[in-house]
Structures are given as structure tokens and as C-alpha cells.
Amino acid sequence: MRHIFAFMLITIYSSLSLAHQETSGKELLQWLSNLPRHGIEVSADHWLAIAEDQSESTALEIVQLYSKYLDRGRLDKRYFQPGWTIPSQPQYSSPHPEIPQIKDIQPNIPEYQYLIKALNNLKLWNKSAYQIFPNELVLFKGDIHPAVSLLNQWLMALDLAEELPNHIYSQEHKDVLTSIQLKYKLIPDGRLGPMTRQALLSITNQRIRILKANLERIRWLPKRLPYPRVWVDIAGFTTSYQSSPQRAFHFKTIVGSPKKQTPVLKSDIENITVNPIWKVPHSIASKSLLKEEKKQPGFFSREGFKVYKNWNDNSPEIAVDSVNWQALTQKSFTYRLEQQPGELNRLGKFKLGFKNSHGVYLHDTDKPELFDSANLSLSSGCARVNNIETLVETIALDQGLMPELNNYKKSNSPKKLNLNKHIPVYIVYFTAWPDKVGRVRFRDDIYQLDNALVSWF
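Just so it is clear: in the sequence shown, position 344 is 331 by our numbering, and no numbers are missing.
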């Protein structure tokens, strides 16, 4: 009710008082009224402040505040997603006597526009669903009705279906709606009726909030992203190499499990290692690998691990069979394990290195069949990239390093290829993101990072 009251006040104010003001007063109100398109709602308190204080200065102050929100985000990422360490690059930094242009301060990446389009499309469905699908309309399998094609559009906008038959209510429609009915504990008859329409509206409202949350995440990014860049989309299980707006390569990717999450970060890829050595993190060596050695004695030798007495750089190598592994526990495990290059090496043939405090990197795998798994969030934090050799060769080709790479590939020992120009790498987390053709897809919140952010909207 308070939002309605505020809207009524500002409508009266704009129609009566602003008629006598300069054009800038109307422009300020128009500027604020455009913000919901971007997933930013002007608070009732701010509308009331403008209505009560009939001066342009108040409206301009509020516009300047929301300009900062549009520029760098309204919410503090340190509280709403503490692991987000990608630095932003605000463009709008100080009050300005002129009205800022939205196009100059909004994120300048194509995905932002796709999410805006999806957001406003779902808002239209929210408003029109009752008229398009009135209470008396019930669709059964085999029904021919003009509302079917509109239902198709709604389901696709919600990312609940792919292409469906037009005009005739088919088994495919019934299957989609039955799954929705089961989720909302409705009678699973697969029919479109008032209760199922309400379930679709509930999903629509939730999707709107998810889109607003992910638009906010985009505002936490730098305003413009460089080319070339490597983009690791955690929730989308995809790594992309984008050398220009028109040239991009995409690779299926295995990411960290919910207990060992792949971190959100920005860094620069400095080198490519061919035949990498896996320096096993202590947490993995002392837990899962020690468990395997105890279960299958000789595991370390068969898998090509070298053992070092401790974690000092000058620590001596010791014989694998000189240690009583059965007597060790996770707490008493002080050794360093390094797996040598070869077919069994967990990192596979290639590793892309970049500085970060988490010790993660992009790498190949010794088990490519895992990319066919239904669950791709199963690594210990690093990103395993399918067909990584294509990614490596594309980068080397772009940097004129193919001769060196080809020579290194002939070797069985570790070889580090330093890039001529470092490539920015962004590891990001978005639960709504456009696909290759611009259709927004909604992803599972695999790390449960949406809860606080979505609830705010």
C-alpha cells in the first residue's frame, strides 16, 4: 500500500507542480521511472521525499544516488556474496549538476541487455497472465486454442521448456505442467487451469527476483570487459575464450563441489604448462589420497607420486615404501606429494596458471569421461576444461607461440610456456545468463549463493 500511495503522490506532483518547472524536473522523474527496467526499484521513501519537497535539487540528489547504484550496484557484495573478489571499476564517482545518461553508466556488456530484456518480458507476463489465461480457461490434452502459443512463449521465457507444438495442447505441454504441479503439490493432471496458472505466476515472480539479483552481480563487474579474456562460468559449467565480440570458443567445464567451491575471482593467465606436475594440496593428500593408499597399498607408486619429507622447498625426496602409511592419520600427515606427468596425472596434459590466493587454476583431466556426468560440480576447486588442448592451441596461435607449443608437446617432461601477453581470466557465478543465441537460462544455485541476494529483491 505504501508503494501505491507514494506513486499516487508523485503522479499528482508531476502533473500539477512540474508543469511550471523547467524541463529538467520532468527529466529527473523520467530518469527515475526508467530504473525498474534495470531491476532497480526507487524506494517509497525517495518518491515521497520528491513529492513533499517540490524542488529539483531533492530530485537531483536522489538521481545522483541511484546513478551510483546503477554504476556499481546497490548492495554491498562483501555482505551479500563475501567470496566475490572481482574488483569493480566505477564510472560515476561524484555529484554532477547535470542529469547523467543511463547509457553512460550502465554495464557495457551484451549480457546485461539480454537480462534486462528477459526481466521486462517476465514483468509483462506477470501483468497479463490473468487476461490471457482467465479462470474459466482449462486446457486438456488435444485442445486447440490460441492461448497455447502464448503458453509456449511463457514457458520458454521461464526456461521451463524448449520448442512446443503451437495451437494444440500436446503431451509435451502436459509433461511440463505435470512437473510444475508436482513441485507445488497440486493434482498432477497436466491440465492448465487456475491453480497451475498461479504456480506459473509464482515461478515468474521468483525468476524476476533472480534476474534482478544477477543484474546486480553484473554491476559488481568492471564496466567494460577486455578482449581477449577467459571467462569461467561456474554455474553454467562453461569456460569461454573470447578474443573479440565476434570470436568465442566454449568448453564444458567441471567446477568445485559445494563443499570445495571454485572461487569467484579475477586474475591474469601468465603461462601454459605442458605435462604439469600435480603438487597435491595437503588437504587432499592427507585425506582422500591417504585413504586410497591405505585401502590399496602401493597406490602412490602405481599412480606416479613422489614423496617429500615436508613442505619446505628444499625438502628431500624419500622412497614411497619407506613410510608406514597405515599408521598415519590426517593430523599426523606431514609429507608433500607430487604426481609426475603421465596418463594418470590428475591435471592431464595442460595447465593454465594465474596468480590467486586460492591455489586454483584451469587444467586438463585424466578422466575425460567425467564431462559426460550429470553432475559437473565435483572437483576440489580448480576448473577442469574439456578439450583444453583446443583452448591452449587457440591462445598459442593468437600469440604466435605455436612452434614452441608443438615442441613442448613432443616432450614428456614439464615445460612452461610463458605468454607474450597475459590474458585476463574471470571466474564468475551467475544463476541467470544468456546462452549463445541470447536466450536467458536459469541455472541451479549449486553453491547456495542466491539466498541472501535474491531475498533482498
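Glycine included, C-beta positions come from ideal geometry on N, C-alpha and C.
All values derive from a computational prediction rather than experimental measurement.
Buried or exposed (CB count within 10 angstroms, at least 16 for buried), Ala314: Here the question's residue 314 lines up with position 327 in the sequence shown. Exposed.
Inter-stretch contact (C-beta, 8 Å, three-pair minimum) for the stretch 65 to 77 and the stretch 165 to 181: Cβ pair count under 8 Å is below three, so no.
Extent of the continuous beta strand (DSSP E) to which Ser227 belongs: Here the question's residue 227 lines up with position 240 in the sequence shown. That run of the beta strand (DSSP E) goes 225 to 231.
Inter-stretch contact at 8 Å, needing at least 3 Cβ pairs: the stretch 247 to 265 / the stretch 359 to 375: In this structure the stretch 247 to 265 touches the stretch 359 to 375; the number of beta carbon pairs closer than 8 Å is three or more.
Buried or exposed (CB count within 10 angstroms, at least 16 for buried), Tyr66: Along the sequence shown, read from residue 1 onward, the residue named residue 66 stands at position 79. The residue in question, Tyr66, is exposed, as its Cβ has fewer than 16 Cβ neighbours within 10 Å.
Which of helix, strand or coil DSSP assigns to Lys394: For the purposes of this step, residue 394 is taken as the residue at position 407 of the sequence shown. Note on residue identity: the sequence assigns Asn, not Lys, to residue 394. Helix, per DSSP.
Environment of Ala306 [buried if 16+ CB atoms lie within 10 Å]: Looking up residue 306 in the sequence shown gives position 319. Exposed.
Which of helix, strand or coil DSSP assigns to Phe(-8): One-based indexing of the sequence shown puts residue -8 at position 5. Residue confidence is low: Phe(-8) scores 47 on pLDDT, short of 50, so the model does not pin down where it sits. No coordinate-derived value is stated.
Alpha-carbon spacing of Asn262 relative to Val427, whole angstroms: The residue labelled residue 262 in the question sits at position 275 within the sequence shown. The residue labelled residue 427 in the question sits at position 440 within the sequence shown. Going from the Cα of Asn262 to the Cα of Val427 covers about 38 Å.
Nearest-angstrom Cβ-Cβ length linking Leu213 and Pro74, presumed shorter than 8 Å: Residue 213 sits at position 226 when you count from the first residue of the sequence shown. Residue 74 sits at position 87 when you count from the first residue of the sequence shown. One detail in the question is off: residue 213 reads as Pro in this sequence, not Leu. Beta-carbon to beta-carbon, Pro213 and Pro74 are separated by about 13 Å, too far to satisfy the 8 Å threshold.
Cut-off 8 Å between Cβ atoms - residues of its own chain near His7, not counting five sequence neighbours on either side: Looking up residue 7 in the sequence shown gives position 20. Residue placement at His7 is poorly supported in this model, since its pLDDT is 45, which falls under 50; the coordinates are not used for a value here.
CB contact flag (Tyr228, Thr381, <8 Å): Stepping through the sequence shown from its first residue, residue 228 is reached at position 241. Stepping through the sequence shown from its first residue, residue 381 is reached at position 394. The criterion of a C-beta distance shorter than 8 Å is satisfied by Tyr228 and Thr381.
Unbroken beta strand (DSSP E) run spanning Asn407, endpoints: For this step, residue 407 is matched to residue 420 along the sequence shown. Its beta strand (DSSP E) spans residues 402 to 415.
Start-end ranges of the beta strand (DSSP E) lying completely within the stretch 246 to 297, minimum 3 residues: Segments of the beta strand (DSSP E) lying fully in the stretch 246 to 297: 252 to 261, 292 to 295.
Opposing strand residues paired with Lys338 [DSSP bridges]: Residue mapping note: residue 338 aligns to position 351 of the sequence shown, counting from 1. Residue pairing for Lys338: DSSP places it in a beta bridge opposite Thr260, His350.
Delimiting residues of the alpha helix (DSSP H) encompassing Pro181: Against the sequence shown, residue 181 aligns to sequence position 194. Counting along the chain, the alpha helix (DSSP H) containing Pro181 begins and ends at 181 to 206.
Residue from Lys342, Glu149, Gly223, Leu187 whose Cα sits closest to the Cα of Asn362: As a working note, residue 362 is residue 375 in the sequence shown. With distances taken between Cα atoms, Asn362 lies closest to Gly223.
Range covered by the beta strand (DSSP E) that runs through Gln68: Within the sequence shown, residue 68 is the residue found at index 81, counting from 1. For Gln68, there is no enclosing beta strand (DSSP E), as DSSP marks it with neither H nor E.
In DSSP terms, what Val50 is bridged to: Counted from its first residue, the sequence shown places residue 50 at position 63. Under DSSP, Val50 forms no beta bridge with any residue.
Buried versus exposed call for Met(-5) [16 or more other C-beta atoms within 10 Å across all chains shown]: Stepping through the sequence shown from its first residue, residue -5 is reached at position 8. In this prediction, Met(-5) has a pLDDT of 48, which is less than 50 and means its spatial position is unreliable; nothing more can be read from the coordinates.
Distance, Met389 Cα to Lys396 Cα: Taking the first residue of the sequence shown as 1, we reach residue 396 at position 409. Taking the first residue of the sequence shown as 1, we reach residue 389 at position 402. Cα to Cα, Lys396 sits roughly 10 Å from Met389.
Glu98 to Ile27 span [Cα, whole Å]: Here residue 98 refers to the residue found at position 111 when the sequence shown is read from its first residue. Here residue 27 refers to the residue found at position 40 when the sequence shown is read from its first residue. The alpha-carbon atoms of Glu98 and Ile27 are separated by roughly 17 Å.
Buried versus exposed, by CB contacts within 10 Å (16 or more), Glu85: Residue 85 sits at position 98 when you count from the first residue of the sequence shown. Note on Glu85: under 16 other CB atoms within 10 angstroms of its CB, so exposed under the neighbour-count rule.
Glu149, buried or exposed, once every other Cβ within 10 Å from all chains shown has been counted against 16: By one-based count along the sequence shown, residue 149 stands at place 162. When all chains shown are included, Glu149 counts as exposed.
Pro268 versus Thr240: straight-line alpha-carbon distance, rounded: Reading the sequence shown from its first residue, position 281 is the one you call residue 268. Reading the sequence shown from its first residue, position 253 is the one you call residue 240. If you take the alpha carbons of Pro268 and Thr240, they lie about 21 Å apart.
C-alpha distance - Ser360 paired with Lys354, whole-angstrom precision: One-based indexing of the sequence shown puts residue 360 at position 373. One-based indexing of the sequence shown puts residue 354 at position 367. Looking at the two C-alpha atoms, the distance is approximately 11 Å.
Phe429 and Ile197 closer than 8 Å at C-beta: Numbered from 1 along the sequence shown, position 442 holds the residue referred to as residue 429. Numbered from 1 along the sequence shown, position 210 holds the residue referred to as residue 197. Yes.
Nearest candidate by alpha-carbon position, reference Asn201, set Trp312, Val242, Leu106, Ser275: Along the sequence shown, read from residue 1 onward, the residue named residue 201 stands at position 214. From the listed residues Trp312, Val242, Leu106, Ser275, the smallest Cα separation to Asn201 is found for Leu106.
Nearest candidate by alpha-carbon position, reference Val135, set Leu164, Gln100, Gly335: Along the sequence shown, read from residue 1 onward, the residue named residue 135 stands at position 148. Closest in alpha carbon position to Val135, among Leu164, Gln100, Gly335, is Leu164.
Inter-stretch contact (C-beta, 8 Å, three-pair minimum) for the stretch 272 to 284 and the stretch 391 to 406: No, the stretch 272 to 284 is not in contact with the stretch 391 to 406.
Straight-line Cα distance separating Ser288 from Leu331: Along the sequence shown, one-based indexing puts residue 331 at 344. Along the sequence shown, one-based indexing puts residue 288 at 301. Straight across, the Cα-Cα distance linking Leu331 with Ser288 is about 11 Å.
Arg184 versus Leu111 - alpha carbon distance: Stepping through the sequence shown from its first residue, residue 184 is reached at position 197. Stepping through the sequence shown from its first residue, residue 111 is reached at position 124. Cα to Cα, Arg184 sits roughly 15 Å from Leu111.
DSSP-derived helix/strand/coil call for His7: As a working mapping, residue 7 is identified with position 20 in the sequence shown. Low local confidence applies: a pLDDT of 45 at His7 is under 50, so the model's placement there is unreliable, with the coordinate-based value given in what follows. Helix, per DSSP.
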